[in-house]
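Working notes, beginning with the structure itself.
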Amino acid sequence: MAGKTLYDKLWDAHVVRQNDDGSCLIYIDRQLVHEVTSPQAFEGLRMAGRKLWRVDANLATPDHNVPTTGQAAGVEGIVDPTSKLQVQTLDSNCDFFGVTEFKMNDPRQGIVHVVGPEQGATLPGMTVVCGDSHTSTHGALGALAHGIGTSEVEHVMATQCLIQKKSKNMLVRVNGHVGPGVDAKDIVLAIIGKIGTAGGTGYAIEFAGEAITDLSIEGRMTVCNMAIEAGARAGMVAVDDKTIDYVKGRPYAPSADQWDAAVANWADLHSDADAVFDTVVELNAADIQPQVTWGTSPEMVVSVDDKVPNPANERDAVKRTGMEKALAYMGLQADTPIREIAIDKVFIGSCTNSRIEDIRAAAAVAKGRKVAANVKLAMVVPGSGLVKQQAEAEGLDKILVEAGFEWREPGCSMCLAMNADRLEPGERCASTSNRNFEGRQGMGGRTHLVGPAMAAAAAIAGHFTDVRHLN
Amino acid sequence: MEKFVTLNGLVAPLDRPNVDTDAIIPKQFLKSIKRSGFGPNLFDEWRYLDRGEPGMDNSNRPLNPDFVLNQARYQGVSVLLGRDNFGCGSSREHAPWALEDFGFRSVIAPSFADIFYNNCFKNGILPIVLSAAIVDQLFKETEASEGYMLNIDLQAQTVTTPNGESFGFEVDAFRKYCLLNGLDDIGLTLQHVDDIKAYEVKRKTATPWLFR
């Protein structure tokens, strides 16, 4: 019998029962909760007179709506009344049901996908869900983690389980080592460019290979975060010593007397040597250059040295139309060199790239340089209050502010522009977020996805430029 | 949840791949704490010429005459025809809520994003996967013939065109059962309380650090 993949092991360990049609009841160890996708779930519980099955399995924090300035004022400081009501609703629901919540004025507040791992609230071997598609992030710790809709949020609250069909197994192996100046974001954008935004649909993806194991846990989170942009609900990386070191000592990590047992339990969280995957995709790390998206889907991505593709070269009619629509929306001409595209704004943040090493990467580029005059706003939004504290302790905020960046307070911010941070129509942004969809960062806004060093380099140059050759 | 048994519905074609949930319902409308009322803002950025905000009187807003759902021939639609990777992006269930509130009961496409596909079933919407060639044919027929209707039979798992051509589709037995009967699956899961409790006891012994 063939060995098991990491996904097989995680799945098998969580099957509560199998239904006649092959679907399973899967046990959920951790649910992360935020203000946007939970109010209707809590309301559903109240209407049915139900309680949370396991209060301690839930952890909440507001992130999507929170402003990135003036957070000391707490929820009362939110100007937009609908945003304020949504955060207040989370607060009152958590108070009513007894869920632990890091409220707005708590230094532990931040983006759920930054806060979970940072607190040790997401651990190897867990099943992790959240009403947010970027829950795939937590797979970086060797967990089975994926986004769910609000009905399923309510289902997990009420039953601690989900009804699921097992996905297929995909292995994405990135062989060898990336060159200097190429980061986790470039790796995952290159993967999406190769397999497409629907390439992982129906699969759980395991990321492996030297270029993945070389990455820090933060870098692996960046890669797993964007598994969903390749269509896969879950992305994951096997547990190794880096994972164990990352988890140790975090507030929600196993206590000292349980630590050895936990580490022993996690030792098996890797695919067996003879495991069989339904699909295997391989990339050569050395071929990966800094990436920049040019269109309105993350698969519309090229290397910084490339040009905007020409739809005339696309033979598939549906794809060609899609490219033409994307170019029209993005206000770009085919065959324009990426490095000639000037930008208006820069956003460094989001659950993809707002951890301490992302801030460090941006600051390293910004140090001793100035944001270009044509850039109206370059903002850096740390992923949590603790990331912010750490960055400030390292003096990164000063470096960034000195260079002309704005140093903000934690939240999702301009990744999806639910708060006040957004693009105006026609504005072009170098963004470390995860989606370049039409209108994502504001109606008519034009998003180019890049890594944090590339975003900082674009801020300095005023246009896209290869961070490895920045003057 | 409303049952879905059969539907004879007017079809609207949305001819672009990768229609994402941000396009289906833009983020500013996600600030609502309700489940209903999203229909007027379905495809807001494509449908209107101005920038939509929550609380606006949508009946006074300038419509984009080029957008398919604004055309007279597509008023009263209940079936949406889409292209590959329909519903990609954010997991927001507000997307099927908006589609349902607008009047859609079924979406037909060559492929769907997983989370959106799953969310549809929780809200009485039947997502149907047909081959790219068949979907292409349906696009041509819809555009060629005003008032084009499709007959969808969930029990028989068929989509039938006005000239009687019928196409079969796949659907999971459990999802079909829930949709045919309009069932809330929390209630169904709670029939297995003993299984969940037994699993929990086992897990608590094996991995006590997950319970605190």
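Residue numbers (the numbering used here), protein chains in the order written: chain A, 481 to 951; chain B, 9 to 220. Beta carbons are placed, not taken as given, at the ideal position from N, Cα and C, and that holds for glycine.
Following the DSSP letters along the chain, one finds S563 of chain A inside the alpha helix (DSSP H) bounded by residues P561 to F577.
Excluding residues up to 5 positions away in sequence, G922, M923, G924 and G925 lie with their Cβ nearer than 8 Å to the Cβ of P905 of chain A in the same chain. Chain B places a beta carbon closer than 8 Å to that of F917 of chain A, counting this residue as a contact. Taking 8 Å as the cut-off, the beta carbon of H928 of chain A is found no closer than this to the beta carbon of N914 of chain A. A distance below 8 Å between beta-carbons, with the five flanking residues on each side excluded, links E151 of chain B to the following residues of its chain, in chain order: P21. Annotated three-state conformation of C610 of chain A is strand, per DSSP. For C909 of chain A, no Cβ of chain B is located within less than 8 Å of the residue's own Cβ. For N26 of chain B, at least one C-beta of chain A is nearer than 8 Å to its own C-beta.
Along the region 505-533 of chain A, the positions whose C-beta sits under 7 Å from a C-beta of chain B are L505, Y507, D509, V516, T517, P519 and Q520, read in chain order.
Counting only the Cα atoms, V592 of chain A lies some 12 Å from V516 of chain A. By the criterion of a C-beta distance shorter than 8 Å, D748 of chain A is surrounded in its chain by K489, once the five residues flanking it on both sides are discounted. Under a 10 Å Cβ-count criterion, F219 of chain B is classified as exposed, with fewer than 16 other Cβ atoms of the shown protein chains found around its own Cβ. Judged by beta-carbon spacing, V861 of chain A lies within the 8 Å limit of P890 of chain A, meaning their Cβ atoms are closer than that value. Here G629 of chain A is not near P34 of chain B, since their CB atoms are 8 Å or more apart.
Closer than 7 Å at the C-beta level to chain A, one finds these residues of the region 187-198 of chain B: D193, I194, T197 and L198. With contacts defined by Cβ atoms closer than 8 Å, S834 of chain A and T485 of chain A do not form a contacting pair. Residues of chain B with a Cβ closer than 8 Å to the Cβ of E634 of chain A are, in chain order, I194.
Here the region 574-582 of chain A makes contact with the region 532-551 of chain A; the two share three or more CB pairs at distances below 8 Å. Bounds of any beta strand (DSSP E) do not take in E804 of chain A; it lies within the alpha helix (DSSP H) bounded by A797 to M810.
About 18 Å separates the beta carbons of A712 of chain A and M780 of chain A, which is beyond the 8 Å limit, so they are not a contact pair.
By the criterion of a C-beta distance shorter than 7 Å, G45 of chain B is surrounded in its chain by D109, once the five residues flanking it on both sides are discounted. Shown here, A103 of chain B sits in a helix according to DSSP, grouped into three states. Membership of Q511 of chain A in any alpha helix (DSSP H) is not indicated; the residue belongs instead to the beta strand (DSSP E) covering R510 to V513. By the Cβ neighbour-count rule, G176 of chain B is exposed, with fewer than 16 other Cβ atoms within 10 Å of its own. If the five residues before and after A933 of chain A are omitted, its C-beta is found closer than 6 Å to the C-beta atoms of A841, V845 and V947, all from its own chain and listed in chain order. Per DSSP, reduced to three states, the secondary structure at N126 of chain B is helical.
Residues of chain B with a Cβ closer than 9 Å to the Cβ of N705 of chain A do not exist; the shortest Cβ-Cβ separation is about 13 Å. With a cutoff of 8 Å on beta-carbon distance, G483 of chain A and A852 of chain A are scored as not near each other. For M894 of chain A and G590 of chain A, the gap between their C-alpha atoms comes out near 14 Å. Going by beta carbons, S864 of chain A and V594 of chain A fall inside the 8 Å limit. Taking the beta carbon of P216 of chain B as reference, the chain A residues within 7 Å of it are Q738, listed in sequence order.
Counting only Cβ-Cβ distances below 8 Å, L565 of chain A has contacts in chain B at K39 and I41, in chain order. Within 10 angstroms of the beta-carbon of E762 of chain A lie fewer than 16 other beta-carbons, which makes it exposed. In the three-state scheme derived from DSSP, where H, G and I count as helix and E and B as strand, H635 of chain A is classed as helix. Less than 8 Å divides the Cβ of R55 of chain B from the Cβ of N72 of chain B.
V535 of chain A carries a helical assignment under DSSP once its states are collapsed to helix, strand and coil.
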